[in-house]
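There are 2 protein chains.
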Amino acid sequence: MSSDKPAVRLALLGCGTVGTEVVRLLHEQAEDLTARIGAPLELVGIAVRRPGRQRGGAIDPALFTTDALGLVKRDDVDVVIEVVGGIDPARSWLIEALSAGKSVVTANKALLAEDGATLHDAAAEGNADLYFEAAVAGAIPLLRPLRESLHGDRVTRVTGIVNGTTNFILSSMDATGAGFGEALDEATELGYAEADPTADVEGFDAAAKAAILASLAFHTRVTAADVFREGMTGVTAADVASAKEMGCTIKLLCIAQRGPDSTGNESVSVRVHPAMIPRSHPLASVGDAFNAVFVEAEAAGQLMFYGRGAGGTPTASAVLGDIVAAARNRLSGTRAPSESSYAHLPIRPIGEAVTRYHISLDVADRQGVLATVAGVFAKHEVSIATVRQSGRDEDATLVIVTHGAPDANLAATVEDLRSLDIVRSIASVLRVEGGV
Amino acid sequence: MSSDKPAVRLALLGCGTVGTEVVRLLHEQAEDLTARIGAPLELVGIAVRRPGRQRGGAIDPALFTTDALGLVKRDDVDVVIEVVGGIDPARSWLIEALSAGKSVVTANKALLAEDGATLHDAAAEGNADLYFEAAVAGAIPLLRPLRESLHGDRVTRVTGIVNGTTNFILSSMDATGAGFGEALDEATELGYAEADPTADVEGFDAAAKAAILASLAFHTRVTAADVFREGMTGVTAADVASAKEMGCTIKLLCIAQRGPDSTGNESVSVRVHPAMIPRSHPLASVGDAFNAVFVEAEAAGQLMFYGRGAGGTPTASAVLGDIVAAARNRLSGTRAPSESSYAHLPIRPIGEAVTRYHISLDVADRQGVLATVAGVFAKHEVSIATVRQSGRDEDATLVIVTHGAPDANLAATVEDLRSLDIVRSIASVLRVEGGV
Chain A
1 MSSDKPAVRL ALLGCGTVGT EVVRLLHEQA EDLTARIGAP LELVGIAVRR PGRQRGGAID
61 PALFTTDALG LVKRDDVDVV IEVVGGIDPA RSWLIEALSA GKSVVTANKA LLAEDGATLH
121 DAAAEGNADL YFEAAVAGAI PLLRPLRESL HGDRVTRVTG IVNGTTNFIL SSMDATGAGF
181 GEALDEATEL GYAEADPTAD VEGFDAAAKA AILASLAFHT RVTAADVFRE GMTGVTAADV
241 ASAKEMGCTI KLLCIAQRGP DSTGNESVSV RVHPAMIPRS HPLASVGDAF NAVFVEAEAA
301 GQLMFYGRGA GGTPTASAVL GDIVAAARNR LSGTRAPSES SYAHLPIRPI GEAVTRYHIS
361 LDVADRQGVL ATVAGVFAKH EVSIATVRQS GRDEDATLVI VTHGAPDANL AATVEDLRSL
421 DIVRSIASVL RVEGGV
Chain B
1 MSSDKPAVRL ALLGCGTVGT EVVRLLHEQA EDLTARIGAP LELVGIAVRR PGRQRGGAID
61 PALFTTDALG LVKRDDVDVV IEVVGGIDPA RSWLIEALSA GKSVVTANKA LLAEDGATLH
121 DAAAEGNADL YFEAAVAGAI PLLRPLRESL HGDRVTRVTG IVNGTTNFIL SSMDATGAGF
181 GEALDEATEL GYAEADPTAD VEGFDAAAKA AILASLAFHT RVTAADVFRE GMTGVTAADV
241 ASAKEMGCTI KLLCIAQRGP DSTGNESVSV RVHPAMIPRS HPLASVGDAF NAVFVEAEAA
301 GQLMFYGRGA GGTPTASAVL GDIVAAARNR LSGTRAPSES SYAHLPIRPI GEAVTRYHIS
361 LDVADRQGVL ATVAGVFAKH EVSIATVRQS GRDEDATLVI VTHGAPDANL AATVEDLRSL
421 DIVRSIASVL RVEGGV
């Protein structure tokens with residue numbers, strides 16, 4: 001299919017796993033893309049650090065350059081695609097592009113979560129499009145629905161499994177009873193975990209995505225620093241077994257919620273931590289390295305978006321979708337909905353977030369133990385939902401699940417329990433989500 | 001929050017369950033909507049058949065009119081919202097609006113599935129936006145992702161549960177072992193089924209949605225008449241039990257698929273019928289009256305969209321999302337991506353669709369029965385995947401699951417089996433999907 005219109009010209013920054021796939025799809029689907037856009041796409045340059053490196057497919061070597069900034073500044077570039085990642089120098093390249101009115105398509109979650117405001121400001125200044133569907137949950141069309149489909153509704157809560165590595169590990173622990181270390185080894189072997197898995201297992205990756213999701217859902221600028229973060233390295237095989245007994249499974253969740261703070265003002269709470277959820281919850285059956293995001297909105301009710309959250313090809317699919325949108329906008333002289341941050345809601349600290357705890361205690365098997373323990377909960381105004389007690393010789397195990405209470409009260413309760421003589425040890429503390 | 005820009009003016013056609021909710025949300029979220037759009041929305045008229053009828057909420061009676069066409073023609077109307085349903089007179093109102101350059105937001109799946117082409121042509125003629133997110137799967141943002149997020153990818157298959165009534169009935173049969181009649185009675189009592197459930201249980205509603213989904217997914221005009229349709233009234237408690245034994249559940253699915261036809265040409269097959277799917281499939285756990293659509297694309301891989309497919313408030317949420325998009329486009333002088341039907345793929349008849357069958361036969365318990373039955377399958381070039389045989393007295397039951405084969409071959413096989421002396425009766429024939 002041919003088109004009489006001049007080509008929309010693309011500059012690609014980065015040519016790793018995702019970039020290579022973007023180039024491949026641009027070639028393979030050139031005809032379809034031209035038909036959908038109404039003009040052909042032309043890749044005019046690819047900025048990489050090592051132009052001589054072997055890359056999949058046959059990419060014209062003349063396209064490679066090491067001068068990313070020079071490529072961005074070229075007059076004949078319409079759309080800049082950034083799949084390098086990291087804060088700097090990507091930030092300066094994208095500011096340069098946006099300020100000059102070039103459309104930007106980026107998969108850079110770290111940059112958006114740390115300093116999205118600067119990019120949005122540059123986009124406003126240059127009257128340019130900033131697309132970043134690939135930054136959260138890979139191929140799942142998620143940001144566009146949040147940005148556009150639900151903008152007549154009010155989102156109240158977003159609960160997501162947004163990190164494939166940790167979901168693979170937790171799914172495997174749930175299926176086999178393995179401990180964290182063993183499951184991590186398996187994930188590394190199969191290529192689901194990187195050599196240094198810190199960003200994944202400590203929740204940094206999920207926290208960046210949580211910040212982006214919360215910003216879109218609540219029309220409020222949220223950065224990674226605003227997100228309470230707790231990794232999942234502390235989740236044990238015993239925790240997983242205990243969750244099973246309760247009809248639950250453990251997932252690393254990102255949770256973004258709007259609601260009144262302690263003084264009654266509307267505010268936003270954003271957190272990443274492992275939590276038990278009931279097996280009947282739609283998120284519970286999200287296995288392997290899949291991602292899913294569960295959205296609750298006042299009018300729409302419950303929605304869920306599910307798919308592959310990572311990988312070169314799925315991420316490239318999201319990048320391509322954004323390229324087409326940006327190219328169509330350029331041809332029609334229009335722009336995507338720009339940043340919507342009008343709500344300016346304050347961030348609520350984790351201490352004020354209402355959560356539920358599952359606490360497992362090894363206690364001395366004496367009369368009055370339960371009364372003493374229950375007294376500690378009452379002192380902090382935490383209401384107990386269920387208690388299971390099982391004795392063995394002189395010890396007993398108490399498994400307590402609370403009703404919802406401010407996280408600070410729950411944390412203080414656990415601190416107090418720790419100091420009790422009759423409490424031999426606190427075997428586990430896990431948050432509980434999803435209406436168990 | 002105020003705005004200096006003049007209001008975007010809305011005309012509402014219809015004020016039933018969905019319309020009333022649209023009006024309520026427009027009032028309740030006026031401030032948010034103004035902020036998101038950059039200008040206020042103003043409802044200037046509501047066309048209804050009986051203006052005096054009692055409606056929820058306090059709607060200004062001066063807004064009501066019985067003259068829908070007159071309202072659509074008013075010079076001061078920017079966006080026409082149609083929630084009346086049915087083919088005529090809705091068609092003429094929307095053609096009038098679009099041709100005159102007014103944006104249209106509609107939830108009218110029947111009209112879009114029967115004659116979407118006429119509406120798209122009118123939209124092109126008037127350079128007007130035609131939005132219809134609410135027409136398929138209620139509140140689930142599904143059309144926008146298909147239309148926009150995946151337009152850099154190639155969708156290969158869409159498998160959906162798009163009718164809440166039948167999903168409620170089948171979920172209930174699966175959970176309780178009830179028969180169709182009993183489960184339908186329950187659905188009617190709880191308000192999930194209408195007094196005349198034909199459109200739902202016979203698959204007409206799902207077929208209309210399938211046509212709309214297939215059109216978007218494959219960039220090809222598909223109408224309801226192109227969709228092979230088989231209702232779910234024939235699904236028995238025994239079928240459900242048999243599915244359970246196989247680790248499956250039965251769902252009424254709409255399936256739209258692209259692929260080569262018998263002569264090797266790329267084509268589209270669209271069908272609605274009950275089918276067994278494995279319990280491990282993401283669609284299997286979609287319970288109650290929820291909807292979900294499972295999308296497979298070449299680059300994105302597997303995606304699923306889940307949520308409430310019906311109900312006044314969820315549908316109104318989708319309508320509001322479209323109103324905001326249409327209003328923003330008007331303010332910025334832009335348009336949404338228009339219809340994309342460049343692929344013009346031919347429709348493949350059901351006989352050529354490759355499916356799998358689960359067939360349960362009551363046969364005489366004689367030597368050689370299996371050989372005779374297997375011979376019939378071989379004659380029609382249908383390969384058998386599994387056979388289970390269970391005897392009781394002089395009768396035996398054969399449960400046969402086939403490999404994939406053209407539907408025509410499978411149908412001919414069943415016809416031939418019916419004429420065999422040794423086959424006492426064919427207890428059930430069900431298609432099998434989702435890679436069992």
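So the sequence lines, in the order shown, correspond to chains A and B.
Under full-length UniProt numbering, the letters of the first sequence match residues 1 to 436, in that order.
Under full-length UniProt numbering, the letters of the second sequence match residues 1 to 436, in that order.
Note that the Cβ used here is the ideal one computed from N, Cα and C, for glycine as well.
Relative to the alpha-carbon of residue i, which residue among the options has its alpha-carbon at the smallest distance?
i	options	result
residue 441 of chain B	B/350, B/319, B/331 and B/341	No statement about residue 441 of chain B is possible, as the shown extent of chain B runs from 1 to 436 and does not include it.
residue 274 of chain A	A/294, A/299, A/235 and A/62	A/235
residue 219 of chain A	A/166, A/143 and A/434	A/143
residue 150 of chain A	B/181, B/325, B/16 and B/244	B/325
residue 399 of chain B	B/245, B/97 and B/16	B/245
residue 367 of chain A	A/287, A/117, A/395 and A/79	A/395
residue 30 of chain A	A/15, A/8 and A/17	A/8
residue 249 of chain A	A/35, A/434 and A/43	A/434
residue 17 of chain B	B/302, B/332 and B/25	B/25
residue 431 of chain B	B/341, B/254 and B/423	B/254
residue 276 of chain A	A/252, A/420 and A/202	A/252
What's the C-alpha gap between residue i and residue j?
i	j	result
residue 64 of chain B	residue 136 of chain B	28 angstroms
residue 426 of chain B	residue 388 of chain B	15 angstroms
residue 238 of chain B	residue 183 of chain B	14 angstroms
residue 2 of chain A	residue 27 of chain A	Low per-residue confidence applies at residue 2 of chain A: pLDDT is 47, beneath 50, and the placement is therefore not dependable, though the value from the model is reported in the following sentence. Cα to Cα, residue 2 of chain A sits roughly 15 angstroms from residue 27 of chain A.
residue 348 of chain A	residue 223 of chain A	13 angstroms
residue 383 of chain B	residue 415 of chain B	16 angstroms
residue 133 of chain B	residue 291 of chain B	14 angstroms
residue 171 of chain A	residue 159 of chain A	17 angstroms
residue 148 of chain B	residue 337 of chain B	8 angstroms
residue 272 of chain B	residue 409 of chain A	53 angstroms
residue 256 of chain B	residue 213 of chain A	31 angstroms
residue 380 of chain B	residue 402 of chain B	12 angstroms
residue 211 of chain B	residue 114 of chain B	9 angstroms
residue 356 of chain B	residue 141 of chain A	31 angstroms
residue 49 of chain A	residue 15 of chain A	9 angstroms
residue 55 of chain B	residue 20 of chain B	7 angstroms
residue 289 of chain B	residue 363 of chain A	46 angstroms
residue 438 of chain A	residue 258 of chain A	Residue 438 of chain A cannot be examined here, being either before or after the span of chain A that is shown, 1 to 436.
residue 92 of chain A	residue 123 of chain A	13 angstroms
residue 178 of chain A	residue 146 of chain A	37 angstroms
Report the three-state DSSP secondary structure of residue i (helix, strand or coil).
i	result
residue 195 of chain A	coil
residue 149 of chain A	helix
residue 82 of chain B	strand
residue 157 of chain A	strand
residue 2 of chain B	Confidence is the limiting factor: at residue 2 of chain B the pLDDT is only 47, short of 50, which leaves the residue's position unreliable, though a coordinate-based value still follows. If DSSP states are grouped into helix, strand and coil, residue 2 of chain B belongs with coil.
residue 265 of chain A	coil
residue 291 of chain B	strand
residue 190 of chain A	coil
residue 103 of chain B	strand
residue 141 of chain A	coil
Could you name the residues of the same chain whose beta carbon sits closer than 6 angstroms to that of residue i, not counting the 5 residues immediately before and after it, in chain order?
i	result
residue 352 of chain B	261, 262 and 406
residue 139 of chain A	307, 308, 314, 317 and 318
residue 286 of chain B	161 and 292
residue 207 of chain A	224, 227, 229 and 272
residue 45 of chain A	11, 63, 65 and 71
residue 129 of chain B	103, 326, 329, 335 and 336
residue 305 of chain A	140, 142 and 293
At a Cβ threshold of 8 angstroms, is residue i touching chain C?
i	result
residue 304 of chain A	Among the chains of the structure shown, chain C does not appear; the protein chains present are A and B.
Excluding sequence positions up to five away, which residues of its chain have a Cβ less than 8 angstroms from the Cβ of residue i?
i	result
residue 96 of chain A	69, 72 and 73
residue 331 of chain B	5, 8, 37, 38 and 39
Leaving out five residues before and five after residue i in sequence, what residues of the same chain have Cβ atoms less than 7 angstroms from its Cβ?
i	result
residue 186 of chain B	172
residue 413 of chain A	376, 377, 380 and 382
residue 300 of chain B	150 and 153
May I ask you to verify whether the segment 78–92 of chain B touches the segment 109–117 of chain B, counting CB pairs closer than 8 angstroms and requiring at least 3?
-> As far as the Cβ criterion goes, the segment 78–92 of chain B touches the segment 109–117 of chain B, which means the pair count is three or higher.
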